[in-house]
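Under the numbering used here, the first residue of the sequence shown is numbered 1182, with each subsequent residue one higher.
Please read the structure below before turning to the comments.
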Amino acid sequence: MPDIPATLKTYQAHIDGKWVDAASGKTFQTINPYTGEPWALIPECDKEDVDRAVRAAARAFESGPWPGMTQTARGRLLRRIAALIEKHAQHLAEIEVRDNGKLISEMHAQTKYLPEWFNYYGGLADKIQGAVVPVDRPDHFTYILKEPVGVCGFIIPWNSPLMLAGWKLAPALAAGCTVVIKPSEFTSASLLEFMRLVIQEAEVPPGVINVVTGYGAVAGEPLVTHPLVSKVAFTGGTLTGARVNELAAKTFKKVSLELGGKSPNIVFDDCVLDDAVSGAISGIFAATGQTCIAGSRLLLQETIHDKFVEKLVAMAKTARLGDPSLPTTQVGPVTTPPQYRKILGYIDIAKGEGAKCVLGGGPAPAAEGGGTYFVKPTIFTGVENRMRIAQEEVFGPVLSVIKFKDEEDAVRIANDIAYGLGAGVWTQSVRRAHTMARRIKAGTVWVNTYRAVSFLMPFGGYKASGLGRENGMEAIEGYLQTKSVWINNGPGGGNPFIMKTAS
Ligand code: NAD
């Protein structure tokens, strides 16, 4: 482990409205992936800290200002949060880049767009309503109440910490829940800065939002298993998600999972070629491929395969690797050392499987002043869909090109995978666009675009890519309980031993 520079910034966790060290007093370093240098110390929270945070969230849920706040007032609070994110968007983006090495242009675009989630769910807060039901009994008044589920535990990965936490936080607060967030051990700082600059400034009552930092097994699991947590919203790898789901099931928590992907980006010969080439590049090399919706399987119709690959390689070759904090950089470093090793491992696997490497295929020389976690944008052709390089998530700048014959073949290959997060289709045929959108088993299908997201559009996965949906109207349901209320205004009685079903 590198020596600790004297200038290392020290962070604290945020529990019950206060800044606190881990109960154990332990800390760990967070590293700037570009320089490879540690830049901050983060509290290493464990079960005890998680318990304190969950209890604070449970208290805030039951008593104090939060449960008494009207839905309209909650909406106003969310809009205040939105305004503060907007004010600090640049600073928050810079912290993200320092921790995860993604491009400043992408991270700033994310933090500038994030207020929309809080404005949107702020607007929805006082539109959450139940219903009066004309039940099939005389003299009965029956209605449905929508209630917040309670304390929610959020577990966040390292690739887009603020955005992915915001996708959960905005609907949860709108619903009236309280929250404990555990960011990734690789990228804890941005959420702590968010608590300081946004949540404290917005005067969110103590205990409503808590942040505990630490490792998955030590701080994440106690959050998932805590009996006072009613809902777990997890974003991360599929294997971790399966573990989280299993643990959460023991106490019957609501669970939403946003997991991995191996998304097909499908190019037909009737596409606008140059648009599709740009779409294929941005689908895999943006964010250094470290995005769950990376279009990591490029399905090319055989009639345009050679011409397309030629253009693709020519454009990918021009990628400027370097310092992610510079707006001119196009591909940044890989975020974590384990991820770096994993990507290089998959490049070897692909070569071993007989795929042909037509670009890159190994570590990139460190850019000036940069660390060592750079991987060359890599393209493999001759990939068959059964190969590991086509079936497993690499989470790096590695593209697998697979040939297909016709629409039927494209659908078969696209769906022949454990995952189902996203898919791209490039075509000028309206009929084909709609047919493919219907037949592909994925939570999002983009036609003639790729990697677009919005607070208005549900986001989530089929199959091993997850459970539930974030964003849009649908997300709010994940933070609500439904209660049926029956009031008998007539005489009671009847046979006490028989259930009162409709006669
Ligand atoms: P990861 O699964 O290693 O970690 C995610 C989070 O889970 C971290 O906070 C980690 O500390 C925590 N964790 C680890 N083990 C845990 C355990 N046993 N119990 C509770 N928490 C635990 O994932 P990562 O490497 O941080 O992120 C990359 C993965 O995330 C990729 O697979 C990617 O596809 C996925 N991802 C999915 C989406 C989506 O919306 N579908 C978005 C971004 C990333």
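We put the beta carbon where it would ideally sit given N, CA and C, even for glycine.
Since the structure is predicted, the reported quantities are computational estimates derived from the model, not experimental observations.
- For Ile1621, the three-state secondary structure derived from DSSP is coil.
- If you draw a straight line from the Cα of Asn1566 to the Cα of Ile1598, it comes to about 8 Å.
- The three-state secondary structure of Gly1198, taken from DSSP, is coil.
- Ile1325 counts as exposed, since fewer than 16 other beta carbons sit within 10 angstroms of its beta carbon.
- DSSP places Ser1205 in no alpha helix (DSSP H); its state is neither H nor E.
- Secondary structure at Asn1596: helix, using DSSP grouped into helix, strand and coil.
- Going by DSSP, Asn1669 is part of the beta strand (DSSP E) stretching over 1661–1669.
- In the structure shown, Glu1275 falls within a helical segment according to DSSP collapsed to helix, strand and coil.
- Residue nearest to Ala1545 within the set Thr1216, Lys1557, Val1539 is Lys1557 (criterion: CA-CA distance).
- Per DSSP, the beta-bridge partners of Arg1478 are Pro1445, Ser1581.
- For Gly1653, no beta strand (DSSP E) segment is defined; the enclosing uninterrupted segment is the alpha helix (DSSP H) at 1653–1658.
- Rounded to whole angstroms, the separation of the alpha carbons of Pro1214 and Met1568 is 30 Å.
- Three or more beta-carbon pairs separated by less than 8 Å are not found between the stretch 1223–1239 and the stretch 1256–1271, which leaves the two stretches without contact.
- Shown here for Gly1563: same chain residues with a beta carbon closer than 6 Å to its own, the five before and five after excluded, namely Ala1536, Lys1537 in chain order.
- Within 10 angstroms of the beta-carbon of Gly1206 lie fewer than 16 other beta-carbons, which makes it exposed.
- Taken through DSSP and simplified to helix, strand or coil, Ser1459 comes out as helix.
- Val1392 places its beta carbon less than 8 Å from that of Leu1372.
- Residue state for His1269 is assigned as helix, using DSSP reduced to three classes.
- Excluding the 5 residues flanking it on each side, Lys1498 has same chain C-beta neighbours closer than 7 Å at Leu1540, in chain order.
- If you draw a straight line from the Cα of Pro1319 to the Cα of Gly1311, it is about 21 Å long.
- When C-alpha distances from Leu1404 are compared across Arg1236, Ala1500, Thr1368, the shortest belongs to Arg1236.
- Boundaries for Pro1508: no alpha helix (DSSP H) harbours it, and the DSSP string shows neither H nor E there.
- Relative to the ligand NAD, the beta carbon of Val1201 is positioned no closer than 7 Å to any heavy atom.
- In terms of Cα proximity to Thr1553, the closest of Ala1571, Lys1532, Pro1519, Ile1570 is Pro1519.
- Just measuring C-alpha positions, the residue of Ile1594, Thr1517, Glu1588 sitting nearest Ala1571 is Ile1594.
- Taking Phe1555 as reference, the option from Gly1503, Arg1424, Gly1647, Glu1328 with the minimal CA-CA separation is Gly1503.
- For Trp1220, the closest alpha carbon among the candidates Ala1239, Glu1243, Leu1189 is that of Leu1189.
- Within its own chain, the residues whose Cβ lies closer than 6 Å to the Cβ of Phe1299, once the five positions on either side in sequence are excluded, are Leu1259, Ile1262, Ala1263, Ala1351, listed in chain order.
- Here the stretch 1434–1442 lies against the stretch 1467–1475, with 3 or more beta-carbon pairs under 8 Å apart.
- Rounded to the nearest whole angstrom, the C-alpha separation of Phe1489 and Leu1580 is 14 Å.
- Put simply, the backbone Cα of Ala1370 is about 7 Å away from that of Asp1280.
- Nearest in C-alpha terms to Ile1212, of all of His1269, Ile1276, Lys1199, is Ile1276.
- Non-local beta-carbon contacts of Gly1659 in its own chain, meaning distances under 6 Å to residues more than five positions away in sequence, involve Ser1437, Gly1649 in chain order.
- Its chain contains Gly1441, Lys1443 as the residues whose beta carbon lies nearer than 6 Å to that of Glu1574, once the 5 sequence neighbours on both sides are disregarded; these appear in chain order.
- With respect to Gly1605, Tyr1643 sits apart: the two C-beta atoms are not nearer than 8 Å.
- Taking C-alpha positions only, Val1201 is separated from Arg1377 by approximately 13 Å.
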